[in-house]
Ligand SMILES: [Zn+2]
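Numbering (our numbering), first residue to last: 9 to 267.
Right under this line is the structure:
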């Protein structure tokens, strides 16, 4: 049985081209939710067309609450995340994961709404000396169960980043960042067609794609944007403070990535 787990974010969804659309209090947030469901359904449809038997989806942006469940393709299972965990039902029974709506890591040029976890607090994050963003963080979580990243959709910068980490990989570029807060869009019907096609082809990568598993123990460095933010993080157990804004943590647990 071929099982695919689809992680979603909002910034890299097709049709979203200005930073002002995305906050929950924005007048256009409802439109963003609808656009998210269309990209997600395109990926689900592609996965089934490619031969998946089971698809689970995760509403991950801002802790969830973005999905319009009545719009969700009824063939997909929604991971309801009991206990407000990041995810719940991902395990070794899945053969691959997709990341829909991705954005690039903090500090990327011409990347729509680039950030890593917190655009206010986090300046740089690295594992074993390599800067990584949310794409690699999710791939590490999935890699804990031997599940490889097979497909990514998002802005051009997110897809370029994904290709630097994962190979083989299918990508669907749905827009291109103009600076950080605006994007030039691929027309939405074309964007959804790209997502469906990339998802369909991605299922064929099962067996070739390998899970993302950095060498252990992993040395994680997190540079905050301000010393007072660092004060809070530095209090967490197992975290060593290196300087005013930087903490270090050494761990072998891919589910314990955040200092
Ligand atoms: Zn997000």
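Quick reminder that beta carbons are idealized off the backbone N, C-alpha and C, glycines included.
Would you say residue i touches ligand 1, meaning its beta carbon is less than 7 Å from a heavy atom?
| i | result |
| --- | --- |
| residue 62 | no |
| residue 17 | yes |
| residue 141 | no |
Answer with buried or exposed for residue i, where buried requires no fewer than 16 other C-beta atoms within 10 angstroms of its C-beta.
| i | result |
| --- | --- |
| residue 24 | buried |
| residue 223 | exposed |
| residue 235 | exposed |
| residue 68 | buried |
| residue 262 | buried |
| residue 145 | buried |
| residue 195 | exposed |
| residue 99 | exposed |
Among the options, whose alpha-carbon lies nearest the alpha-carbon of residue i?
| i | options | result |
| --- | --- | --- |
| residue 3 | 123, 69, 57 and 48 | Limits of the chain in this structure are 9 at one end and 267 at the other, which puts residue 3 out of reach. |
| residue 95 | 66, 169 and 132 | 66 |
| residue 136 | 155, 238, 226 and 189 | 226 |
| residue 251 | 239, 264 and 81 | 239 |
Could you pull the DSSP bridge partners for residue i from this structure?
| i | result |
| --- | --- |
| residue 198 | Partner(s): none; residue 198 has no beta bridge. |
| residue 161 | 180 |
| residue 138 | 135 |
| residue 190 | 26 and 186 |
| residue 104 | 12 |
Which same chain residues, not among the five before or five after residue i, have their C-beta less than 6 Å away from its C-beta?
| i | result |
| --- | --- |
| residue 79 | 45 |
| residue 199 | 22 and 182 |
| residue 157 | 105, 147 and 174 |
Any heavy atom of ligand 2 closer than 7 Å to the Cβ of residue i?
| i | result |
| --- | --- |
| residue 69 | In the structure shown, ligand 2 is absent; the only ligands present are ligand 1. |
Cutting at 7 Å between CB atoms, please list the residues of its own chain near residue i, excluding the five before and the five after it.
| i | result |
| --- | --- |
| residue 124 | 113, 114, 130, 133, 141 and 142 |
Using a Cβ-Cβ distance under 8 Å, would residue i count as near chain C?
| i | result |
| --- | --- |
| residue 236 | The structure shown contains no chain C; it holds only a single protein chain. |
Once the 5 residues before and after residue i are set aside, which same chain residues still bring their CB inside 8 Å of it?
| i | result |
| --- | --- |
| residue 88 | 96 |
| residue 83 | 52, 56 and 63 |
| residue 37 | 29, 30 and 31 |
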